[in-house]
């Protein structure tokens, strides 16, 4: 726990910030979605899959979220849809704007994982 | 690699418009998931807030689809949806301050969308700007 937030959050913050930086850089260069921008979003999706498995393990070992479990997993499932959606979008639309769409994924996930931390520990 | 189709730059669904569609889609998703959760778990606590959440999710959905589609009809639907959104965020924002007892549970629009970094307030403004910029039949220099 750092500043009241667990390692899941901090891992998400680092990965999401990197992904955001890569995508914005590629967008400013005028690049269509490529291995870097798409790859960074796939890493975020992979992180969320690990987070889901980790959450289920934490759920069995502890009392689970102090907030409502339905809300917690609702956030997690919703969060998992976002990188999947922006990635599929980037396959269908090959323009620089699509790279910026990929870049949106990171900031949205930071907000959602922060909220999940609040639900797990504080509500 | 296939080059992107060169589209009319003034087309509502091109370039920046695509980004706007995705932002609307993200809001549809988050507002929808939130109101679904509230309807399942908390409807009796705050029926007004929850009904408003559901309505806002629905408006985001309509706006997302209409912004993504081409044509004059879709443009008009977009204008109506984004206009309702603009009015909604202002009215709900004002009433959540002056009559907080009716807004026990936060919705997307309460306090002008402060829970969402005020994006719900800025988004319809950007949406309206984009719609007028891409108005069908408008001659741009």
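Residue numbers (my numbering), protein chains in the order written: chain A, 125 to 247; chain B, 97 to 237. No residue lacks a Cβ here, since even glycine has one placed at the ideal position from N, Cα and C.
Residue i - partner residues in DSSP beta bridges
i, result
"residue 129 of chain A", "A/126"
Selection from the options that minimises the alpha carbon distance to residue i
i, options, result
"residue 158 of chain B", "B/213, B/127, B/141", "B/127"
"residue 182 of chain B", "B/193, B/129, B/214", "B/214"
"residue 107 of chain B", "B/165, B/220, B/188, B/209", "B/165"
"residue 234 of chain A", "A/179, A/171, A/149, A/162", "A/171"
"residue 114 of chain B", "A/181, A/189, A/214", "A/214"
"residue 136 of chain A", "A/220, A/207, A/184", "A/207"
"residue 131 of chain A", "A/237, A/211, A/222", "A/237"
"residue 111 of chain B", "A/157, A/244, A/219", "A/219"
"residue 149 of chain B", "B/162, B/196, B/135, B/233", "B/135"
"residue 160 of chain A", "A/144, A/175, A/195", "A/144"
"residue 251 of chain A", "A/225, A/222, A/210, A/189", "Residue 251 of chain A cannot be examined here, being either before or after the span of chain A that is shown, 125 to 247."
"residue 141 of chain B", "B/197, B/210, B/204, B/219", "B/197"
"residue 178 of chain B", "B/233, B/216, B/207", "B/216"
"residue 231 of chain A", "A/217, A/183, A/148", "A/148"
"residue 226 of chain A", "A/138, A/133, A/155, A/126", "A/155"
"residue 139 of chain A", "A/229, A/240, A/244", "A/229"
"residue 151 of chain B", "B/233, B/122, B/208, B/203", "B/203"
"residue 116 of chain B", "B/219, B/232, B/231", "B/219"
"residue 122 of chain B", "B/161, B/188, B/199", "B/161"
"residue 208 of chain B", "B/146, B/133, B/188", "B/188"
"residue 229 of chain B", "B/147, B/119, B/176, B/171", "B/171"
"residue 133 of chain A", "A/179, A/222, A/217", "A/179"
"residue 186 of chain A", "A/127, A/244, A/125", "A/244"
"residue 142 of chain A", "A/201, A/200, A/166, A/183", "A/166"
"residue 210 of chain B", "B/119, B/190, B/226, B/224", "B/190"
Residue i, DSSP secondary structure in three states
i, result
"residue 176 of chain B", "helix"
"residue 229 of chain B", "helix"
"residue 205 of chain B", "coil"
"residue 190 of chain A", "coil"
"residue 230 of chain A", "helix"
"residue 277 of chain A", "Since the first residue shown for chain A is 125 and the last is 247, residue 277 of chain A is missing from the structure and cannot be characterised."
"residue 198 of chain A", "helix"
"residue 169 of chain A", "helix"
"residue 178 of chain A", "helix"
"residue 214 of chain B", "coil"
"residue 247 of chain A", "coil"
"residue 181 of chain B", "helix"
"residue 153 of chain A", "coil"
"residue 199 of chain B", "coil"
"residue 192 of chain B", "helix"
"residue 219 of chain A", "coil"
"residue 97 of chain B", "Because residue 97 of chain B sits at a pLDDT of 47, beneath the cut-off of 50, its placement in the model cannot be relied upon, and the following sentence gives the value as read from the coordinates. It is coil, neither helix nor strand."
- What are the residues of the region 208-220 of chain B that lie near chain A, defined by any Cβ-Cβ distance shorter than 7 angstroms? Result list empty, no residue passes.
- Task: Output, in sequence order along the chain, the residues in the region 205-223 of chain A whose CB is closer than 9 angstroms to any CB in chain B.
- Result: From the region 205-223 of chain A, only 205, 206, 209, 210, 213, 217, 218, 219, 220, 221, 222 have a Cβ closer than 9 angstroms to chain B.
- Any alpha helix (DSSP H) of 4 or more consecutive residues that is wholly inside the region 103-176 of chain B: You should have 112-138, 143-164.
- Members of the region 191-202 of chain A near chain B, C-beta cut-off 9 angstroms: For the region 191-202 of chain A, which is checked against every Cβ of chain B, the residues closer than 9 angstroms are 192, 194, 195, 198, 199, 201, 202.
- Query: For the region 147-172 of chain B, which residues have a beta carbon sitting closer than 8 angstroms to at least one beta carbon of chain A?
  - Reply: Cβ contacts with chain A come from no residue of the region 147-172 of chain B.
- Taking Cβ-Cβ distances below 8 angstroms as the criterion, which residues of the region 116-128 of chain B are in contact with chain A? Correct list: 118, 119, 121, 122, 125, 126.
- Query: What residues in the region 157-170 of chain A bring their beta carbon closer than 7 angstroms to a beta carbon of chain B?
  - Reply: Listed by position along the chain: nothing, the set is empty.
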